[in-house]
Every structure is written in structure tokens, then in C-alpha cells.
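Chains as they are written, first to last, in my numbering: chain E, 265 to 409; chain L, -7 to 64.
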């Protein structure tokens, strides 16, 4: 199906790959259906585009591309909401907040997006506040800069 | 909402697996100790607002930002 995206014009999306958030994303709970697609210019970034509202779209990163020690603890309750039966079914992404100076952009490690790759259901979960925050810089400055 | 009054060192049970201990209460602040199974997540309520705010900020990307990603 053809969808209108916020940042990339019109794109063709495979209906079978549509991701459903049973509870939506925090603060935007009305919207449940999203498409995920890679950004060809830089494969480390993906776009999570709402199918129901063109203006709702996020850029995601795989946390382990930027934070090797990211340690997430997902509760059984959270796994049940997206029908996960085994850890292998899950992929994890974090939402990026871009700043005007792109090098100051951050990832929300406190509230990752987890996707069940078999059922295509997803949720935004909340980790421990004492471990992570909503703003972790993703681009490290070189020494001396 | 069930409203209970407790003194320092008293507790509340929620179900049979969650216990809230009043450790100290003074100056309008309450220190609570919470015992719960590992699969129950415990958060200060404000954290959800912090996340909602961050999600909304993340949804606003300036037009000249994404083209810069190909160089990174």
C-alpha cells in the first residue's frame, strides 16, 4: 500500500510488515499502526512512520550500535502485551531526539520500543529510572573538540 | 481510590506480593520502601510525563537535519 510519510514523501509499504502498537506510543496513544523502513543514506537509522497520521514519525536506532552496554530488563507482563514467547522474537529500538546541532542529538534509552518480529506487535516500555534517562547523546565528540 | 492513613514504620499490602513501607514522613515528604516481585515495574508518576515530552520533541525534526545523516 502507498502511504504518505512525514519526511520522505510517498512510499510503498508491504501490508504484511505493518507494526501494531496495541497501546500506542506514550503521549500518542490514538495511533496504533506504523510502518518501519530503513533510511538508505545511513542504515543505522530507521523511520517509524504512523500510517494513520502523516505528521507522526520517529527516527529509531538500534541501541547496541551506539551503546554497547545497554542492558534492558523486560518484565513478563510487558512481554505478554505483545505476545512474546521467546526472546528471539524481539527487536529493540530507541527513539532519537534530534537537536539543531545534530551532534548533540540523543536517544531515549529509558523508554525503548520493543517489537515482536513474528506477530508484528510493539510497545514502548519504561526501564528503571536509576539506570537510564530520556536523553543519552548518540554521537561522541572526538577528544579536544 | 482507597485512602489510608499510616504512621512511620507502618505498611500497606497490595495483593499478597506488594508491600509499601512508610520509612519516614516529615516536612511534607514521605520516604517509601517498596517490596514487589521483580516483574512489577515501579516508577514515579512524573516519569511518564517526561517520556511523553521527549516523544513529542522527537516528533519535531528540522528539515535540514535528516540529510546530514548520510555523512555520519
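Note that beta-carbon positions come from the ideal geometry of N, C-alpha and C, so glycine has one too.
Residue i, enclosing alpha helix (DSSP H) - first and last residue
i: residue 45 of chain L; result: 38 to 50
Exposed unless 16 or more other CB atoms sit within 10 angstroms - verdict on residue i
i: residue 6 of chain L; result: exposed
i: residue 318 of chain E; result: exposed
i: residue 288 of chain E; result: buried
i: residue 23 of chain L; result: exposed
i: residue 296 of chain E; result: buried
i: residue 338 of chain E; result: buried
i: residue 266 of chain E; result: exposed
i: residue 280 of chain E; result: exposed
i: residue 388 of chain E; result: buried
i: residue 52 of chain L; result: exposed
i: residue 402 of chain E; result: buried
i: residue 46 of chain L; result: buried
Whole-angstrom C-beta distance between residue j and residue i, which should lie under 8 angstroms
i: residue 361 of chain E; j: residue 370 of chain E; result: 5 angstroms
i: residue 26 of chain L; j: residue 43 of chain L; result: Incorrect: roughly 20 angstroms between the Cβ atoms, too far for contact.
i: residue 386 of chain E; j: residue 285 of chain E; result: 5 angstroms
i: residue 301 of chain E; j: residue 324 of chain E; result: Actually they do not touch by this definition, with Cβ atoms about 10 angstroms apart.
i: residue 290 of chain E; j: residue 336 of chain E; result: Not really, about 16 angstroms apart at Cβ, beyond 8 angstroms.
i: residue 61 of chain L; j: residue 330 of chain E; result: Not really, about 13 angstroms apart at Cβ, beyond 8 angstroms.
i: residue 41 of chain L; j: residue 340 of chain E; result: Incorrect: roughly 26 angstroms between the Cβ atoms, too far for contact.
i: residue 28 of chain L; j: residue 15 of chain L; result: Not really, about 15 angstroms apart at Cβ, beyond 8 angstroms.
i: residue 383 of chain E; j: residue 351 of chain E; result: Not confirmed; about 14 angstroms, so no contact.
For residue i, the first and last residue of its enclosing beta strand (DSSP E)
i: residue 13 of chain L; result: 10 to 18
i: residue 275 of chain E; result: 274 to 276
i: residue 387 of chain E; result: 385 to 388
i: residue -5 of chain L; result: Residue -5 of chain L -> no beta strand (DSSP E), and no H or E assigned at all.
i: residue 140 of chain L; result: What the structure shows of chain L is the stretch from -7 to 64, and residue 140 of chain L is not part of that stretch, so it cannot be assessed.
i: residue 6 of chain L; result: 3 to 6
i: residue 380 of chain E; result: 377 to 380
i: residue 60 of chain L; result: Here residue 60 of chain L belongs to no beta strand (DSSP E), and DSSP marks it neither H nor E.
i: residue 279 of chain E; result: Careful: residue 279 of chain E lies outside any beta strand (DSSP E) and carries neither H nor E.
i: residue 412 of chain E; result: Because chain E is modelled from 265 through 409, residue 412 of chain E falls outside the range shown and cannot be assessed.
> Counting only runs that start and end within the region 302 to 360 of chain E, where is the alpha helix (DSSP H) found for 4 or more residues in a row?
Replying inline: 340 to 345
> Of the residues that make up the region 33 to 64 of chain L, which ones have a beta carbon closer than 8 angstroms to any beta carbon in chain E?
Replying inline: 33, 35, 36, 39, 40, 42, 43, 44, 45, 46, 47, 48, 49, 50, 51, 53, 54, 57, 58, 59, 60, 61, 62 and 64
>> Output needed in chain order: residues of the region 332 to 366 of chain E with a Cβ under 9 angstroms from some Cβ in chain L.
In response: 337, 339, 340, 341, 342, 359, 360, 361, 362, 363, 364 and 366
>> Please identify, using Cβ separations under 7 angstroms, the residues of the region 292 to 315 of chain E that lie next to chain L, in order along the chain.
In response: 292, 303, 305, 306 and 309
> What residues from the region 268 to 295 of chain E come within 7 angstroms of chain L, judged by C-beta to C-beta, listed N to C?
Replying inline: 271, 289, 290, 291 and 292
> Between the region 17 to 31 of chain L and chain E, which residues of the former have a C-beta closer than 7 angstroms to a C-beta of the latter?
Replying inline: 31
> Which residues, taken in chain order from the region 366 to 392 of chain E, show a beta carbon closer than 7 angstroms to some beta carbon of chain L?
Replying inline: 366, 372, 374, 375 and 390
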